[in-house]
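Engineer: Attaching a single structure in structure tokens format; questions to follow.
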Amino acid sequence: MLPIPGKMLLKPWIIFITVYLKFSFEKENYTEVINLVTDFVKVQNGPTKIIAYVCWRKDVQLNLWKALSKNYIFAQIRRAGRPLYYPSSEEHQMFLLDARCEGSESTLRQAQELNLFHQPFRWLILGTGSDLIFGNVYFGVDSRVYVIENDDLSYRINSVYKYAENARELVNDLVGVWTNSQGFSHFNDISAPQNRTNLMGTFLKVSYVITNPESQNHLWDYRHTHIDGISKLNYILVHHLLEFTNATSEKIFRDTWGYKNATTSLYSGMIGDLQIGNAELGGTPAFFTIDRIDIIDYIAVTGPTFMKFIFKAPPLTYVTNVFTLPFDTYVWYCSFALIAAILAVVYVIVVWEWRDPVFKNKAITVYSLRPNIFDVFLMEVGAITQQGSDAEPRSNAGRIATIFTFIALMFMYTSYSANIVALLQSTTESIRTLEDLLVSRLSLGVEDLIYEHYYFENAQEPTRKAIYEQKIAPKGQKSNFMTAREGIEKVQQGFFAFHIEVSTGYKIINEIFQESEKCTLKEIDYLNLIEPLLAVKKNSSYKEIFKVGLEKIHESGIQSREISRIYTKKTKMSWYW
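Mapping of the sequence shown onto the numbering used here: residues 4 to 580, in sequence order.
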């Protein structure tokens, strides 16, 4: 049977129309996606630079670039699967990925290896079946990953994340609904750290430092708060933090913060747990040091923890000659000038008396002051010491000079006596710096703790190094590391400075010191460090959530309450006259 020519002509037309409609539909579909991407960036309301990893046709890529450029949005377009990079600042960077493209899985794996799903990077992913596509990818709770899904009538933008790295199920939060005709009919991009604080019982490991094993029995009862006080305070605060985030925890107790192994570059103790990922949160604050920046993230200060030298200010007589202090230098000059002037005036008057015939005939040899410079000087010494003299001038001029001498020197004597009594009871204010402490005659001691040994033994600054080598651990002598109570008892005895955590020191001071003894206590900072901070694993996805939780604990007053119950402050002295 011969073929019908009409049917033969119809088939190419059907193919042409089908291809044309498919092309038109794809073009229209991509146009909507481009408009959606543009609107999404605009509602983010911040500087944004986009790198798109797609497999679109060149004309579609050009339309995307034009649409973004028209709205002053920087864009680069690369093929999905190519190596990831970002030329701009992290907080400005957004990645656009078409998950339907071949190579998209490779792009996701690269991003996970480079930690590009953490704050502040943003991702906008096109595709469906997110649970299937992203099953092996970890979007942490701090991630800003948005998935666009088309349900024919509109586009839904979902924020996706996982509560834990080993979780298989994705959590989807609806962020917005978009149509090509109306744009966004709904958009609610709440901050992730505030919107995802409910971790739904996620299991977290928390590492603590306990230097005294007995402290594990007193983490809740507020007993012996001067022993491991920083760990006891933060054990309670971390408990409140886990309640706030609805997380469960496994507790790890270490006896040290941790030191770096020169061979493996791994840390021991609590820092080591955070470094290798054995713990998510460090439950005991750690001091900020340069060598730890690359392995942990610090999040918040939780308590006023300081370590300082505490000592009783020595008496003023211990460091200076107090007998020269009652008067200022110029007052001393004036006093000596006055004495010399009085001596000269009285001597002239006495010489005149003994040369005048009238007074010479009436002079009594025993009681009259002779015209001798030494006799006049002895009379003046008697006036200075308020003892008087057995001889004095007899003329009116001489008597006036004598009265003036005794009155002037009486005021000088009274002022000097009053000042010297006050100075003998005073303490010195001359020991204010580490240099003063080094050259003083005070003995020094340090609380016998692991981190105290570390900071003193590794001191490199000349003054601090000299303090350790000359006063803490002199060669050939026993080092002055001791218990807290032993050190504070030596402080009470005087002429001894003890380096200790301030709260611990004042706890013992309140127990053994008299109130009058507390007034002379002084402090000098040795370590020159900021307050210790709670730390988390490097690039932890819970970091921002923990920050928000700790801030709420602080604002609610819980932190202040616990600090007042566990930490002891220096007694404020009040004077009543």
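Ideal Cβ placement from N, Cα and C applies to all residues, glycine included.
Per DSSP, which one or two residues make a beta bridge with residue 490?
Structural biologist: In the sequence shown, residue 490 corresponds to position 487, counting from 1. DSSP, once it has assigned bridges, lists no residue as partnering residue 490.
Engineer: Alpha carbons only, please: which of 225, 548 and 566 is nearest the one belonging to residue 121?
Structural biologist: On the sequence shown, position 118 is the one that residue 121 refers to. Per the Cα distances, 548.
Engineer: Please determine, among 574, 553, 47 and 71, the residue with the shortest C-alpha to C-alpha distance to residue 525.
Structural biologist: In the sequence shown, counting from the first residue as 1, residue 525 sits at position 522. If we check each option's Cα against that of residue 525, 574 comes out closest.
Engineer: For residue 275, which residues from the same chain have a beta carbon less than 7 Å from its beta carbon, with the 5 sequence-adjacent residues on both sides left out?
Structural biologist: Sequence index remark: in the sequence shown, residue 275 carries index 272 (1-based). Only 261 and 269 meet the Cβ criterion.
Engineer: Measuring alpha carbon to alpha carbon, tell me which residue in 202, 186 and 144 is nearest residue 156.
Structural biologist: In the sequence shown, residue 156 corresponds to position 153, counting from 1. Among 202, 186 and 144, the Cα nearest to that of residue 156 is on 186.
Engineer: My output table needs one value for residue 510: the three-state DSSP class, helix, strand or coil.
Structural biologist: By 1-based counting over the sequence shown, the position of residue 510 is 507. Correct three-state label for residue 510: helix.
Engineer: How long is the line joining the alpha carbons of residue 233 and residue 513, rounded to whole angstroms?
Structural biologist: Against the sequence shown, residue 233 aligns to sequence position 230. Against the sequence shown, residue 513 aligns to sequence position 510. Near 19 Å, if we compare the C-alpha coordinates of residue 513 and residue 233.
Engineer: Pick from 179, 108, 551 and 530: whose alpha carbon is nearest that of residue 463?
Structural biologist: Numbered from 1 along the sequence shown, position 460 holds the residue referred to as residue 463. Measuring from the Cα of residue 463, the nearest candidate turns out to be 530.
Engineer: Which ranges does the alpha helix (DSSP H) cover as unbroken runs of at least 4 residues, wholly within the segment 437 to 489, from first to last along the chain?
Structural biologist: Correct list: 437 to 442, 453 to 460 and 465 to 470.
Engineer: Residue 563 to residue 104, Cα distance in whole Å?
Structural biologist: Residue 563 sits at position 560 when you count from the first residue of the sequence shown. Residue 104 sits at position 101 when you count from the first residue of the sequence shown. C-alpha separation (whole angstroms): 54 Å.
Engineer: Rank 502, 478, 354 and 476 by C-alpha distance to the C-alpha of residue 486 and give the top, closest one.
Structural biologist: Position 483 of the sequence shown, counted from the first residue, corresponds to residue 486. Closest option to residue 486, Cα to Cα, is 502.
Engineer: Quick one: residues in its chain with C-beta nearer than 8 Å to the C-beta of residue 178, no 5 flanking neighbours on either side, listed in chain order?
Structural biologist: Locating residue 178 in the sequence shown gives position 175, counting from the first residue. Taken in chain order, the residues that qualify are 149, 160, 161, 162, 190, 191 and 192.
Engineer: Check whether the segment 317 to 333 and the segment 552 to 568 are in contact - that is, three or more C-beta pairs closer than 8 Å.
Structural biologist: Flag = no, the segment 317 to 333 and the segment 552 to 568 do not touch.
Engineer: DSSP state of residue 562, grouped into three classes?
Structural biologist: In the sequence shown, residue 562 corresponds to position 559, counting from 1. Looking at residue 562 - three-state DSSP - the assignment turns out to be helix.
Engineer: Between the Cα of residue 475 and the Cα atoms of 429, 448 and 489, which residue gives the shortest distance?
Structural biologist: Along the sequence shown, one-based indexing puts residue 475 at 472. The shortest C-alpha separation from residue 475 is found at 448.
Engineer: Can you check which of these residues, 288, 499 and 215, is closest to residue 305 by C-alpha distance?
Structural biologist: Stepping through the sequence shown from its first residue, residue 305 is reached at position 302. Of the listed residues, the one whose Cα sits closest to residue 305 is 288.
Engineer: What is the C-beta distance between residue 138 and residue 109, in whole angstroms, given that I count them as a contact (C-beta under 8 Å)?
Structural biologist: Translated into the one-based positions of the sequence shown, residue 138 becomes position 135. Translated into the one-based positions of the sequence shown, residue 109 becomes position 106. So it is not a contact: roughly 15 Å between Cβ atoms.
Engineer: Using DSSP with H/G/I as helix, E/B as strand and the rest coil, what is residue 215?
Structural biologist: Here the question's residue 215 lines up with position 212 in the sequence shown. Three-state DSSP puts residue 215 in coil, outside helix and strand.
Engineer: Can you check DSSP and say which residues form a bridge with residue 81?
Structural biologist: On the sequence shown, residue 81 is found 78 positions in, with the first residue counted as 1. Per DSSP, 56.
Engineer: Are there 16 or more other CB atoms within 10 angstroms of the CB of residue 280, so buried, or fewer, so exposed?
Structural biologist: To locate residue 280, count along the sequence shown from 1; it is residue 277. Label assigned to residue 280: exposed.
Engineer: My understanding is that residue 164 touches residue 174, with C-beta atoms under 8 Å, so please give their C-beta distance in whole angstroms.
Structural biologist: Taking the first residue of the sequence shown as position 1, residue 164 is located at position 161. Taking the first residue of the sequence shown as position 1, residue 174 is located at position 171. Residue 164 to residue 174, Cβ: 6 Å. Contact.
Engineer: Go to residue 423, then tell me how far its alpha helix (DSSP H) extends in each direction, as first and last residue.
Structural biologist: Along the sequence shown, read from residue 1 onward, the residue named residue 423 stands at position 420. Counting along the chain, the alpha helix (DSSP H) containing residue 423 begins and ends at 399 to 427.
Engineer: Please state whether the Cβ-Cβ distance between residue 247 and residue 552 is less than 7 Å.
Structural biologist: Numbered from 1 along the sequence shown, position 244 holds the residue referred to as residue 247. Numbered from 1 along the sequence shown, position 549 holds the residue referred to as residue 552. A contact, by the Cβ cut-off of 7 Å.
Engineer: For the segment 201 to 215 against the segment 63 to 79, are there 3 or more C-beta pairs whose distance is under 8 Å?
Structural biologist: Not touching, per the Cβ criterion.
Engineer: Quick one, are the C-beta atoms of residue 130 and residue 167 less than 7 Å apart?
Structural biologist: Position 127 of the sequence shown holds residue 130. Position 164 of the sequence shown holds residue 167. Contact flag unset, no.
Engineer: Just to check my reading of the structure: residue 114 and residue 71 have Cβ atoms closer than 8 Å, yes? What is that Cβ distance to the nearest angstrom?
Structural biologist: Start at 1 with the first residue of the sequence shown, and residue 114 comes out as number 111. Start at 1 with the first residue of the sequence shown, and residue 71 comes out as number 68. About 21 Å; that fails the 8 Å criterion.
Engineer: Closest to residue 425 by C-alpha separation, out of 488, 510, 319 and 461, would be which residue?
Structural biologist: Counting from 1 along the sequence shown, the entry for residue 425 is found at position 422. Minimum Cα distance to residue 425 is reached at 319.
Engineer: Grouping DSSP H, G and I as helix and E and B as strand, with all else coil, what is residue 171?
Structural biologist: The sequence position of residue 171 within the sequence shown is 168, counting from 1. It is coil, neither helix nor strand.
Engineer: Here's a check: name, in chain order, each residue in its chain whose Cβ is nearer than 6 Å to the Cβ of residue 471, leaving out the five neighbours to either side.
Structural biologist: Taking the first residue of the sequence shown as position 1, residue 471 is located at position 468. The residues are 459 and 462.
Engineer: Name the residue from 542, 555, 200 and 308 whose alpha carbon lies nearest to the alpha carbon of residue 528.
Structural biologist: As a position in the sequence shown, residue 528 is number 525, starting the count at 1. With distances taken between Cα atoms, residue 528 lies closest to 308.
Engineer: Is it buried or exposed for residue 465, if we count other Cβ within 10 angstroms and need 16 for buried?
Structural biologist: Against the sequence shown, residue 465 aligns to sequence position 462. Burial call: exposed.
Engineer: Let me know if residue 508 comes out buried or exposed under the rule of 16 or more other beta-carbons within 10 Å of its beta-carbon.
Structural biologist: The sequence position of residue 508 within the sequence shown is 505, counting from 1. Buried, by the Cβ-count rule.
Engineer: Might you give, ordered along the chain, the residues of its own chain that have their beta carbon closer than 8 Å to the beta carbon of residue 201, omitting 5 neighbours on each side?
Structural biologist: In the sequence shown, the residue the question calls residue 201 occupies position 198. Only 248 and 249 meet the Cβ criterion.
Engineer: Looking only at DSSP bridge pairs, what is residue 159 linked to?
Structural biologist: Against the sequence shown, residue 159 aligns to sequence position 156. Beta-bridge pairing links residue 159 to 152 and 180.
Engineer: Leaving aside the five residues before and after residue 303 along the sequence, list all residues of the same chain whose C-beta is less than 7 Å from its C-beta, in chain order.
Structural biologist: Along the sequence shown, read from residue 1 onward, the residue named residue 303 stands at position 300. Same-chain partners within the cutoff: 536, 537, 550 and 553.
Engineer: Just the C-alpha distance for residue 172 and residue 542, rounded to the nearest angstrom, thanks.
Structural biologist: Counting from one through the sequence shown, the residue named residue 172 turns up at place 169. Counting from one through the sequence shown, the residue named residue 542 turns up at place 539. Straight-line Cα distance between these residues: approximately 22 Å.
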